[in-house]
């Protein structure tokens with residue numbers, strides 16, 4: 001079997017699996033997307049007790065079909081990629097591996113429920129397919145806005161956590177075990193349920209003082225829920241809104257051109273001399289490529 | 001019966017039914033609005049069990065009055081419109097049809113509860129009447145802001161859904177059936193109840209580990225509730241807030257054209273004479289290129 | 001008794017009661033504020049059952065003290081104001097009257113609980129006193145932002161209400177009476193509880209289909225809670241933020257001055273000649289009243 | 001013992017305790033941070049009932065270790081600071097003192113639960129350590145945004161409180177004791193639970209009229225939750241969003257310094273030569289006053 005022929009076959013397979021520009025590549029992505037969603041639905045349906053036996057039979061057959069497809073896909077991905085090791089240990093490589101093995105593992109770990117979670121992880125594979133769609137641009141903007149506000153949100157969540165711990169300790173003392181505030185961790189759990197306005201009601205204060213403290217906590221939560229919203233809102237508006245005003249009196253656009261004399265860069269777009277060494281930036285009168 | 005006479009009669013009816021400029025047209029809209037709201041109230045009252053028989057009698061008579069009015073109205077709409085077929089299969093044509101038939105259908109489908117939902121759909125007809133009010137401009141702005149942010153909100157909701165499925169699977173394993181997490185779908189339902197901060201409390205974690213995961217999930221929900229708000233807020237601000245109203249009475253767009261006589265610039269786009277020296281800005285009658 | 005003397009006495013009393021610039025006026029406001037808050041606390045404490053008799057005795061004496069003070073104050077307000085009738089039928093006049101009468105009414109309407117609500121209405125009087133504080137500027141800004149967004153919020157709440165009625169009807173059919181969805185009004189109540197993310201949990205879906213519809217409703221509520229927030233946020237930012245930049249290069253302030261020659265208006269504030277006909281706008285060198 | 005030697009020893013200790021620039025200072029901060037978090041975890045674990053005795057033993061030993069460390073640290077802080085009295089009565093001085101004494105107090109106040117809250121207050125010490133991290137800048141921005149919106153949020157919360165009291169009184173009359181609305185304070189507590197969308201469900205209206213009022217209250221809460229969010233969002237955007245990032249790669253801060261040769265201004269803050277004519281901006285080596 002001549003080497004070049006195999007190479008073409010590999011390249012075509014690589015195109016189909018890793019790209020979405022060809023009709024075959026698109027078809028592959030759609031089939032994969034359907035199988036992933038199907039496999040998650042299988043997991044969900046399987047967890048519902050009290051169904052007739054034939055349902056479980058079909059679910060088992062379905063899981064086999066999906067596992068076989070994923071096995072072939074996983075092997076094909078390893079074969080067609082240039083550096084298999086970098087794929088195998090990449091994020092999606094690990095997810096692909098975990099998506100493939102649950103059924104094989106079930107022969108070893110008989111009756112283990114934890115394989116269910118592993119099977120649910122297949123859902124993460126959806127993101128790779130979505131990467132090639134038009135929604136990914138939006139997702140990136142969202143991700144950027146969230147990322148930009150991360151330190152602020154972390155500070156905020158940390159403050160919320162401290163309020164929750166202090167309020168939880170206080171409620172544990174005020175309400176005590178008989179009202180459901182069994183321990184400080186349970187009270188802190190209640191504080192978080194309350195501060196986030198979830199309010200399950202499985203634990204609720206019954207003493208007037210406890211209800212008063214709870215009311216204060218809720219109004220605080222109401223007042224501070226505004227903070228992360230305001231942060232993300234402002235960050236998002238900034239990241240998608242206009243660039244900083246070019247007409248502002250305090251800022252000017254700089255480019256990456258480097259001075260030939262001293263190497264300093266980030267000159268004003270209309271600079272004619274280096275701001276660092278005074279060297280003429282354009283001895284031959286070549287206008288720099290602004291922006 | 002001469003044709004032109006009928007035509008005038010039809011045109012008047014069309015005016016009354018489809019427009020709201022004439023006193024009769026306004027009266028018709030108000031009567032229709034009252035009947036729609038009344039019909040929905042009838043549906044609601046009818047669903048309340050344990051009332052004396054005469055109440056149900058009156059509700060039945062009321063439904064007949066409304067159905068007869070709607071029947072005549074539906075026929076009148078078909079007669080007076082130029083292309084009946086395009087009306088019949090339009091959104092409001094279908095709604096009008098569905099609003100008319102429940103009582104007739106009740107003779108065929110005896111005792112069917114589902115006619116109640118059909119009758120509640122009459123509420124959608126309210127939107128057509130509101131179209132001619134001043135509120136529709138606001139609704140359009142809102143709709144535009146929501147529409148502009150749709151891809152972002154879809155990406156966001158999709159991410160929320162994946163978090164809900166993964167968290168639901170995890171909670172199903174951790175808490176199990178005895179805590180109310182009966183199956184993965186039920187656990188996912190709980191995750192959505194928690195992430196959206198609704199928090200019914202019909203299902204609630206009881207194990208420390210489950211409460212810990214729930215607390216993390218809630219704080220995540222608290223942190224990410226900011227995202228759609230931030231998006232809509234920014235989109236809305238952009239769609240309505242960007243430019244000072246061109247229609248405002250206090251501001252007008254000016255251009256950079258300079259007066260040939262005195263050099264003053266920033267004239268109104270429609271200026272014909274300089275506001276500084278009174279020089280004719282367009283002696284050759286060349287219309288300036290407004291914006 | 002000479003007329004002018006009484007007039008001075010009346011004017012002083014008017015100053016004390018209606019104004020807060022003099023020390024006596026400030027003192028009066030503070031005493032009134034304390035009595036109002038005290039009277040509301042009395043109402044609250046009185047509603048708590050199972051206290052010793054002497055508590056109720058003291059509450060009764062306290063109510064007498066407050067009622068006598070309010071009676072004198074109400075009479076003084078009527079005497080000192082120029083047009084008593086316009087005060088009596090104003091918003092605060094009615095509130096003042098209602099604040100005064102509960103105890104007197106209690107002799108006629110023995111045992112009526114509804115006097116409690118009337119007594120709680122005294123709280124509204126606090127707003128009049130707060131009017132003279134520094135917080136009123138902030139409250140006005142807030143009120144303006146809310147007022148500006150009113151039509152949008154009304155459209156939004158109306159849409160929410162229609163969603164709630166349709167979802168409530170659907171849930172009534174799906175879940176039925178045995179799950180707590182006793183009637184369509186009760187189901188609509190549940191829909192509103194869910195859409196607003198309050199989530200009491202007194203009624204909760206138990207069937208898988210009902211839970212699925214509830215999940216969709218919650219995610220919708222999660223997605224659309226952003227709308228009013230975005231609106232108020234943008235309106236507030238607009239109302240408190242800068243005016244459209246006067247320094248911008250593209251817009252200029254215009255006034256309502258009309259050209260005497262051609263009648264064209266909306267000239268630049270610094271215009272000396274009409275932009276439409278070139279007529280000198282200020283032949284007598286009278287500077288136009290800008291803004 | 002010579003004075004200077006002690007002074008150096010003190011200065012070194014001061015550096016370690018109060019600063020974080022030296023390796024020893026950083027190590028000290030990390031150890032302190034771990035001990036604080038550990039001490040709070042100890043409090044939490046201790047509150048969980050039903051653990052084996054040896055757990056309580058270890059918790060007791062752990063508390064001794066932490067108390068001894070805190071005692072030495074507190075003494076060291078007093079010794080090394082210049083004015084001990086101003087430290088002792090500062091906010092962190094009091095927190096440090098309260099962090100140290102619980103175990104000693106437990107010999108006097110045997111079995112007092114309230115020492116638990118005092119021990120939880122140790123958490124507040126974390127803020128001092130975080131002051132030296134990069135997150136404090138973010139926290140300051142957040143704090144500033146919250147501080148700027150404080151009067152608005154206070155006005156808002158006051159209005160919410162009045163709505164809660166009036167609605168609570170109304171619900172007390174409508175629902176009465178048998179539905180859980182035992183007294184007006186309890187009803188106000190329920191109003192706050194509802195308005196803030198927490199919705200425990202421990203108290204819930206059962207009468208149709210009560211459910212209707214509750215629905216109105218919830219929709220009001222839904223409509224007005226937008227207000228604090230809008231305020232903080234706008235304030236935050238204003239306080240942080242105005243100026244573009246100084247660290248951005250594309251923009252650089254320029255100052256108003258003018259070139260003595262050609263008069264060109266808006267040079268980079270660190271410019272040494274004019275970007276227009278190449279003239280040395282600082283022939284006398286006078287560093288320009290940046291920013």
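Protein chains in written order, with full-length UniProt numbering: chain G, 1 to 291; chain R, 1 to 291; chain P, 1 to 291; chain L, 1 to 291.
C-beta atoms are modelled at their ideal positions from N, C-alpha and C, and glycine is treated no differently.
Across the structure, residue 236 (chain R) and residue 230 (chain P) are spaced so that their CA atoms are roughly 7 Å apart. For residue 114 (chain G), no alpha helix (DSSP H) run applies, since DSSP gives it neither H nor E.
For residue 189 (chain G) against residue 204 (chain R), the beta-carbon gap comes to about 10 Å, at or over 8 Å, which does not count as contact. Runs of beta strand (DSSP E) with 3 or more residues, each lying fully within the stretch 9-83 of chain L, are absent. With contacts defined as CB atoms closer than 9 Å, residue 16 (chain R) and residue 25 (chain R) qualify as a contacting pair. Chain P places no beta carbon closer than 9 Å to that of residue 180 (chain G), leaving this residue out of the contacts.
A direct Cα-Cα distance of roughly 14 Å separates residue 68 (chain R) from residue 31 (chain R).
A direct Cα-to-Cα measurement between residue 166 (chain L) and residue 152 (chain L) gives close to 21 Å. Chain L has no Cβ within less than 9 Å of the Cβ of residue 160 (chain G). Around the beta-carbon of residue 125 (chain R), 16 or more other beta-carbon atoms lie within 10 Å, marking it buried. Residues of chain G whose Cβ lies closer than 7 Å to the Cβ of residue 204 (chain R) are, in chain order, 200 and 202. Taken atom to atom, the span from the alpha-carbon of residue 178 (chain L) to that of residue 202 (chain L) is near 13 Å. Membership of residue 196 (chain G) in any alpha helix (DSSP H) is not indicated, and neither H nor E is assigned to it by DSSP.
Contact between the stretch 37-45 of chain L and the stretch 54-74 of chain L is present: three or more C-beta pairs spanning the two stretches fall below 8 Å. For residue 233 (chain R), the residues of chain L that pass the 7 Å Cβ criterion are 233, in the order they occur in the chain.
CA-CA distance, residue 79 (chain L) to residue 97 (chain L), rounds to 14 Å. In chain R, no part has a C-beta under 9 Å from the C-beta of residue 184 (chain G); the shortest such distance is about 12 Å. Per DSSP, the unbroken alpha helix (DSSP H) holding residue 151 (chain G) starts and ends at 150-175. Following the DSSP letters along the chain, one finds residue 98 (chain P) inside the alpha helix (DSSP H) bounded by residues 91-100. For residue 182 (chain G), the secondary structure class from DSSP, reduced to helix, strand or coil, is coil.
By a beta-carbon distance limit of 8 Å, residue 195 (chain G) does not contact residue 145 (chain G). Their separation comes to about 24 Å. Here residue 170 (chain P) has 213 as same chain residues with Cβ atoms under 7 Å from its own Cβ, once five neighbours each way along the sequence are excluded.
Residue state for residue 205 (chain L) is assigned as coil, using DSSP reduced to three classes.
For residue 48 (chain P), the chain L residues whose C-beta falls within less than 9 Å of its own C-beta are 182, 183, 184, 185 and 186, listed in chain order. Just measuring C-alpha positions, the residue of L:37, L:148 and L:173 sitting nearest residue 123 (chain L) is L:37. Excluding the 5 residues flanking it on each side, residue 102 (chain L) has same chain C-beta neighbours closer than 7 Å at 115, 118 and 119, in chain order. Here residue 192 (chain P) really is in contact with residue 219 (chain L); their C-beta atoms are around 6 Å apart, less than 8 Å.
The Cβ-Cβ distance between residue 48 (chain R) and residue 185 (chain P) falls below 9 Å.
A distance below 9 Å separates the beta carbons of residue 156 (chain G) and residue 227 (chain G). The C-beta of residue 212 (chain P) comes closer than 9 Å to at least one C-beta of chain R. Straight through space, the alpha carbons of residue 81 (chain R) and residue 23 (chain R) are spaced by roughly 20 Å. Contact between residue 198 (chain P) and residue 199 (chain L) holds, with the beta-carbon distance rounding to 4 Å and staying under 8 Å.
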